[in-house]
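In my numbering, the protein residues as written are 7 to 327.
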Amino acid sequence: MREVLQLLQDGEFHSGEALGALLGVSRAAVWKRLEHIEAAFGLTIHRVRGRGYRLASPLSLLECEVIASASREAGWCAEVLEVVDSTNAEVLRRLAAGAPAPLLILAEKQDGGRGRRGRTWISPFGENLYYSLGLRLEGGAFSLDGLSLTVGLAVLRSLREAGLAEVGLKWPNDLLVAGRKIAGVLLELSGDPADACQVVIGIGVNVNMLPGPNIAIDQPWLSLRECSGQLVDRTAMALALGRWLKHYLDLHERGGFAALREEWEACHLWQGQEVSLLAGPQRIDGVVLGVDHLGALRLNVAGQERQFSGGELSLRLRDDS
Ligand code: BTN
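Here it is in C-alpha cells:
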C-alpha cells in the first residue's frame, strides 16, 4: 500500500494502468484496492474517467529509510509505522518487552493520540509529526526534572529552523504562534523514577494539517503549512527535530535543566504576564516571574513568590472581565 501512496502523494492524476501494475492487479480491481486505502487511512481519492486517480490533496509521506539511517547515526533505533494507537503507547510497550533504547517510533497516523491532561491528540494520516523517543534510565542519574521544558526548546529550534521565527514557548511545554498551538510535548514514565525507569518523550507537531470538517480541535491551533503557505517536507522536519533533540538531551544530561533555564525563559511568551494557573477546580492568579532550575513555574502571588510543578497544571492569560 505504501508504494501506491508514494505514487499518489503528489496529488496528481495517475492512470489505472500504472496503479494496477504497482498493485499487481487488473485495472478493474484498482478501485477496490483504493477504496480499502481510503477506509484504512481516512483519505479521499478522486476517480476521473480518462484521467485516472488522485488524492484529494497532496501528502508528504515519511521516508522510513532516511529517518532510520539518520537515527542510527545518533545511536537510536527507529521505525516508522503506518497506523498505531499512540506512538507513546507503542514505545512503552516495546520497552516493556525488552526492546533496545533509545527507541524512536513515528507514525503516519494515530488512532488514539494522547495529549496532556487526558486530552486526545488529533492525528490524521500523513499530515503531521507523531514522534516518540523512548529512553531507558538506570539509577536515576539523568534528571527528569525540567526534561519536558528541555524538549520544548528542541521543538522550538526545529520550528524556527523551518522558518517560523515567531514561535515561542508557553509553560510547561506548549509551542504557540500568535496564541495558537502548533506543537505539544507529552512525557510518560514507567518504572521507578528514582531507580530503573523508562521515559517516553512524545512530540506532536502540526505540520501540514489544515482546518476542515474532520478536524475537531477544541483550542486555537495552526500548522507550519498554514504559516508558510506550502506543503512542508515531513521527513526533513523529523530529521531536524531529531538533531535538536539529541543536542538538547546531551546538554540536559550534562547540566540538567539548570543549564538551559535562561535560554528557556528568553523564549517564554508569557514572562511578566498576568496569568491564572488552573489545577483542577482550583485557580491561582499571579504574575509570571519565570521558571526555577527544575523547571517549576515561578509566580508572584499577592506579593509572594510561589513555585508550581506537575503535569496536571494549565496556564491561562488572566481574564478579569
Ligand atoms: C499536548 O497535549 O500538548 C501534548 C501532545 C503530545 C502528542 C504527541 S503525538 C506523538 C506522541 N504520541 C501520543 O499519543 N502523544 C504524543
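In this text, a Cβ means the ideal position worked out from N, Cα and C, and glycines have one as well.
Candidates the options, of which the one nearest residue i by Cα
i: Asn179; options: Ala84, Gly56, Glu271; result: Glu271
i: Ser129; options: His253, Gly218, Gly119, Leu68; result: Gly119
i: Leu324; options: Arg99, Ile290, Gln313; result: The identity of residue 324 in the sequence shown is Arg, whereas the question assumes Leu. With distances taken between Cα atoms, Arg324 lies closest to Ile290.
i: Gln277; options: Leu303, Ile73, Leu255, Pro287; result: Leu303
i: Lys115; options: Leu101, Gly301, Ser138; result: Ser138
i: Gln12; options: Arg163, Leu255, Cys70, Gly56; result: Cys70
i: Leu300; options: Gly218, Ser229, Val183, Gly316; result: Gly316
i: Arg163; options: Ala246, Leu49, Ala264, Gly48; result: Ala246
i: Gly355; options: Glu268, Met7, Arg123; result: The requested residue 355 does not occur in the structure, where the chain is confined to residues 7 to 327.
i: Trp82; options: Val90, Lys252, Asp91, Ile43; result: Lys252
i: Leu192; options: Val205, Val183, Asp198, Leu182; result: Val205
i: Ala84; options: Val54, Leu165, Val90, Pro108; result: Pro108
i: Thr93; options: Ser75, Asn212, Arg260, Tyr136; result: Tyr136
i: Pro64; options: Ala24, Glu18, Leu25; result: Glu18
i: Ser154; options: Val307, Leu170, Gly190, His42; result: Gly190
i: Leu321; options: Leu255, Gly248, Leu182; result: Leu182
i: Arg122; options: Ala105, Val89, Trp177, Ala113; result: Trp177
i: Leu266; options: Glu23, Gly22, Gly158, Ser77; result: Gly158
i: Thr156; options: Arg8, Val90, Arg260; result: Arg260
i: Ser196; options: Ser229, Val72, Arg100, Ser21; result: Arg100
i: Val297; options: Gly48, Leu275, His42; result: Leu275
i: Gly150; options: Ala202, Ala308, Trp250; result: Here residue 150 turns out to be Leu, not Gly, going by the sequence shown. Nearest option by C-alpha distance: Ala202.
Burial state of residue i (16 or more Cβ within 10 Å)
i: Leu141; result: buried
i: Gln310; result: exposed
i: Ala95; result: buried
i: Ala103; result: exposed
i: Asn220; result: exposed
i: Leu133; result: Reading off the sequence, residue 133 comes out as Glu, not Leu. Buried, because 16 or more other Cβ atoms sit within 10 Å of the Cβ of Glu133.
i: Gln288; result: exposed
i: Ser327; result: The predicted model places Ser327 with a pLDDT of 44, which falls under 50 and marks its position as unreliable; any figure quoted below should be read in that light. Ser327 comes out exposed.
i: Lys38; result: exposed
i: Val54; result: exposed
i: Ala27; result: exposed
i: Ala113; result: buried
i: Gly56; result: exposed
i: Gly292; result: buried
i: Arg8; result: exposed
i: Ser234; result: exposed
Segment limits, beta strand (DSSP E) that includes residue i
i: Val328; result: Residue 328 lies beyond the range of the chain shown here (7 to 327); nothing can be said about it.
i: Ile223; result: Where Ile223 is concerned, there is no enclosing beta strand (DSSP E), given that its DSSP letter is neither H nor E.
i: Ala84; result: 83-90
i: Asn306; result: 303-307
i: Ala264; result: Segment: none, Ala264 is in no beta strand (DSSP E) and carries neither H nor E.
i: Arg53; result: 51-54
i: Ala113; result: 109-116
i: Arg57; result: Element bounds for Arg57: n/a, residue is neither H nor E.
i: Glu167; result: Looking at the DSSP string, Glu167 is not in any beta strand (DSSP E); the run it does join, the alpha helix (DSSP H), is 153-167.
i: Ser138; result: 135-143
Test item: CB-CB of residue i and residue j under 8 Å
i: Leu40; j: Tyr59; result: yes
i: Leu216; j: Arg231; result: yes
i: Gly1; j: Ala200; result: Because the chain spans 7 through 327 in this model, residue 1 falls outside it and cannot be assessed.
i: Ala160; j: Met243; result: no
i: Gly210; j: Glu194; result: no
i: Ser66; j: Val238; result: yes
i: Leu283; j: Leu305; result: yes
i: Gly185; j: Cys273; result: no
i: Ala35; j: Thr50; result: no
i: Gln236; j: Lys187; result: no
i: Trp227; j: Asn212; result: yes
i: Gly248; j: Ala80; result: yes
i: Val97; j: Ile111; result: yes
Span of the alpha helix (DSSP H) around residue i
i: His42; result: 33-47
i: Ile73; result: 70-80
i: Gln12; result: 8-14
i: Ser196; result: Segment 186-197 is the beta strand (DSSP E) holding Ser196; no alpha helix (DSSP H) there.
i: Gly248; result: 240-261
i: Glu271; result: 267-272
i: Val211; result: Where Val211 is concerned, there is no enclosing alpha helix (DSSP H), although the beta strand (DSSP E) it sits in stretches over 203-211.
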